[in-house]
Amino acid sequence: MPKLTNKIGILQSSIGKIRPEWIILDHKFQAMFRLCLAWVVLLIGACVSLASCQSGSASQAPLVQPGAPGQATRTITPAEAAALPQPRHGPADVRFMQGMIAHHAQALEMTALVPARTSRAEMRRLAQRIEVSQADEIRMMQRWLEDRGERLPDRHAHHAHGAELMPGMLTTDEMGRLAAANGDDFDRLFLELMVKHHEGALIMVDRLFATDGAGQDAEIHAFASDVDADQRMEINRMQAMLGRR
Amino acid sequence: MDNRSAGGSRRVVRILHAALLGGVAALLVPVVAGRAQEGASGRAAAAKDPRVGLRAGLRDAGEAARSMERVATLPKPPGFFDPQAPLGQPTPPEDEKADAKLKDLPEDHPTIQQILSGLNYANSDLAFSGHHLFVGNFSGFNVYDIQDPGRPRLVTSVLCPGGQGDVSVHGNLLVMSVEQTRGRVDCGTQGVKTAVSPERFRGVRVFDITDVAKPRQVAAVQTCRGSHTHTLVAHPGDRENLYVYGSGTSTVRSAEELAGCSGREPKEDANTALFSIDVIQIPLAAPGKAKIVARPRIFADEKTGAISGLWPGGDHGPGTQKTATTNQCHDITVFPEAGLAAGACSGNGILLDISDPVKPVRIDQVEDRNFAYWHSATFNNDGTKIIFTDEWGGGTRPRCRATDLPNWGANAIFDIVDRKLKFAGYYKLPAPQTEQENCVAHNGSIVPVPGRDIMVQAWYQGGISVFDFTDSANPVEIAFFDRGPVDATKLYTAGFWSAYWYNGYVYGTEMARGIDIFRLTPGEHLTRNELEAALSVQVAGFNAQQQSRIAWPATPVVAQAYLDQLARTQGLPAARIDVVRAALERLERTTAAVNGGPAAEVESLARDLEAGAPAAPPRDASRLRALAATLRGVAARTR
């Protein structure tokens, strides 16, 4: 900086010697130059601090939280925003995920019976569809529980004696009857039991949302909504196959 | 000036040079690193798509672009991400063999308590008004000043969670969708403590944005299923009210919380909240009085009247996709000037007559054996075509891998012929994406190039693709932008939710990263004239779900754009094109006082071009007519 102003000074004095009236302009020039220089320094600083000159500015905009209709909107600081309470998962969410894993696992046991007991391609395809979507959802639920440090259910939990069955789940006796059936009898029994099984999943979703404070995290809300939509679709399909539609 | 000071200044210059070089090198490092990775994975095929093999990263991912250029990027502001986990949690990989062995929790598993998924802070849909950009988020919305699109400025951040936070703007009103059970009437972040509560809000919020820095909530219309998306219908015949079509896709809440709500199947309850949309009326003079005025049964069977008259759900036979049940619309796009709406309604694409906005009437419906979930709809500018998107995998799954079928998770393009939908072709992002990138067809809008149908579209982590569908059966990509995945080894839900054209720029909402702004650049598939003709279209605001017809000004550049297209298709002999271009240039050079000759010449050419239209193929014929009309307009303005 000193060297630069020094050189400007030399320039100024040489110009000043030629036309005295330019000195006034010269002072303006000098002031403008300094102002420009200050701006350049400021802009470079701003760009460096933003890490990228092409990005826009994100700082110093107000953060506001509206109220209910008719109420005022309040301004809050980022620190206050960070401290605002957020809904967290609770025991009912964990029970839903753990229960649904066991529930889905039984559906997979049922679909595993299909290839050896049916001759209908449509039945095989249905079983495969159920298998793919439920296996995928099981992995999602496992990950959800793992991320939150919650217990993963034992894969045979639903076989435990004396344990209350979740809605729609087959009893040991029903499972045995299904495994013993064949051909058209199997097809009909499978569809009836799987409809009942899926309707149970819908009840589980209902119960989740009917529990105080449950189902509020974005992910569990989206997941429960998906389960509801998927199982309704499969129920529709199975009822059509049963000739009920 | 002495030597020492000269030496000093040279040193300063050298330091400056070094600093500059260092800066440039620092800027280049990510680019070079990104390219290097491309080379490593795809050296064998030089012609391979540059989007393959891009380096992963939240802020420093490799980038590839063609005929589009990123001009600005802004990360999400404070309050719209979790500083502890900006990406949220990963989605587990799929196992094609359906191996669902349940494993025990390992002993040393880290306990991560009380985490929130990244979806709670995801950016979603966007809307425009004047020089303001409104970006929806699962936790509220952000307003940006885009007076200079190269330097967007955050104006205000509005915290009001409830997801998905789709926004639309009409005058001084902003409308927002809320579907989650955590939504609160008072915009509180804490969620709702009891299962039945008057504090819960699921539905459509209305904000007064007269003071854009401090929006005020003026209405909150509760709906049974919440609002996953919504569509504004400013009807030409009703200036006193704004209508909103609310589309709910989630579970139905209890009648204890909101009277009359039922989620039962139609045969159990004829008044079920399933199988309908919500029509909300907002009186513009008193928006606080907004209310539901109809819940039309737009899926009803024409003959039996059964409200569940469309696709029941399930596959369409061997080797086909499993399509969702039509008991909801995911999204509706209206074209009020044509009195039409296109509904992407989970199991079907439907066409509605909305001459009476309160009583939409279904006039056609289509199924598609390759569609999993009918997700969104976009008309072309003439209102003669509809692009429907299929959100196979719900947007959280990688559905653009080389192994995924090209017609699954794609767009289906339909021509509207005599008010019926006629299938023409599919379009899917042509570049394969990785297992770590959620990717499927998502939201986009029309790029207003006269004489062509062009759409810009978001594909989540598949990036942004711009394609031409002038020939509905043979869509072609003309530009793209893509980044590597946000993470190298895990699949997170991220990427572009929406990408819309607005007054010359493309605005993209990135779920995890923030917002990006782009401009298109002329190239092989888009001439400078065509691009400038698109840039000459300026609108006062834009909501992607409410389309209106764009009329191009009669300017020389619009005429030149048509001429470029006729040259491309050889719809006119090159010599003839040169004659018209020369006449246009002469007309532009002449002054008003002596314009009689050139203007008459241009008018005479316009007559000849129009006379030749009937003999030309349909697309060229319409361009010849449009060119003639533009030439006449240009000539008239000089007289």
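Residue numbers (the working numbering), protein chains in the order written: chain A, 7 to 251; chain B, 20 to 658. In this text, a Cβ means the ideal position worked out from N, Cα and C, and glycines have one as well.
Chain A has no Cβ within less than 8 Å of the Cβ of B:L603.
C-alpha of A:I241 to C-alpha of A:H204: approximately 7 Å in a straight line.
Taking a cut-off of 8 Å on C-beta distances, the region 242-249 of chain B does not touch the region 204-213 of chain B, as fewer than three cross pairs fall below it.
Shown here, B:Q103 sits in coil according to DSSP, grouped into three states, outside any helix or strand. Look at B:K308 here: in three-state DSSP terms it is helix. Judged by beta-carbon spacing, B:K310 lies beyond the 8 Å limit of B:V377, meaning their Cβ atoms are not closer than that value. When Cβ pairs closer than 8 Å are counted between the two stretches, the region 568-581 of chain B is seen not to touch the region 496-506 of chain B, the count staying below three. Residue contact check for B:K233 against chain A: a CB pair falls below 8 Å. Shown in chain order are the members of the region 85-117 of chain A whose Cβ falls below 8 Å from a Cβ of chain B: A87, A88, L90, P91, Q92, P93, R94, H95, I107, H110, A111, L114. Judged by pairs of C-beta atoms under 8 Å, the region 461-480 of chain B touches the region 518-531 of chain B, as three or more such pairs exist. Among the bridge pairs identified by DSSP, B:R235 is matched with B:D227.
DSSP, reduced to helix, strand and coil, places B:K322 outside both helices and strands of the structure shown, so it counts as coil.
Distance from the Cα of B:N399 is smallest, within the candidate group B:A594, B:I569, B:R608, for B:I569.
The residue among B:R538, B:I406, B:R547 with its C-alpha nearest the C-alpha of B:S491 is B:I406.
Collapsing the DSSP output to three states places B:D297 in a strand. Nearest neighbour of A:E156 by Cα position, chosen from A:D218, A:R101, A:T79, turns out to be A:R101. Residue burial annotation: B:V380 is exposed, with fewer than 16 other C-beta atoms found within 10 angstroms of its C-beta. Among the residues of the region 225-243 of chain A, those with a Cβ less than 9 Å away from any Cβ of chain B are E225, I226, H227, A228, A230, S231, D232, D234, A235, D236, R238, M239, E240, I241, N242, R243, in the order of the chain. Here B:A361 is buried: its Cβ has 16 or more other Cβ atoms, across all protein chains shown, within 10 Å. With distances taken between CA atoms, B:V174 lies nearest to B:N161 out of B:G182, B:G184, B:N161.
The DSSP-derived three-state label of B:Y140 is helix.
For B:R172, the enclosing beta strand (DSSP E) starts and ends at 172-178. When C-alpha distances from B:S395 are compared across B:D144, B:G81, B:R656, B:Y262, the shortest belongs to B:D144. For B:T208, the C-beta contacts it makes with chain A under 7 Å involve L90, P91, Q92, in order along the chain.
Annotation: A:Q66 is outside any alpha helix (DSSP H) and is labelled neither H nor E by DSSP. Secondary structure at B:E275: coil, using DSSP grouped into helix, strand and coil. By the Cβ criterion, the region 119-131 of chain A is not in contact with the region 229-244 of chain B, since fewer than three pairs of Cβ atoms, one from each stretch, lie closer than 8 Å. Close CB contacts of B:Y446 within its chain, under the 7 Å cut and outside five residues either way in sequence, are with A429, N430, I432, F486, F488, P494 (chain order). Residues of chain B with a Cβ closer than 9 Å to the Cβ of A:L69 are, in chain order, P96, P97, G98, T175, S176, V177, L178.
Secondary structure of B:S641 (DSSP, three-state): helix. Burial of B:P180 is indicated by the presence of at least 16 other C-beta atoms within 10 angstroms of its C-beta. Within its own chain, the residues whose Cβ lies closer than 6 Å to the Cβ of B:Q166, once the five positions on either side in sequence are excluded, are H150, listed in chain order. Beta-bridge partners of B:D501 (DSSP): B:A83. Chain B places no beta carbon closer than 8 Å to that of A:D193, leaving this residue out of the contacts. Among the CB atoms of chain A, none fall inside 8 Å of the CB of B:K322.
In this structure, the CA atom of B:G542 is about 20 Å from the CA atom of B:G482.
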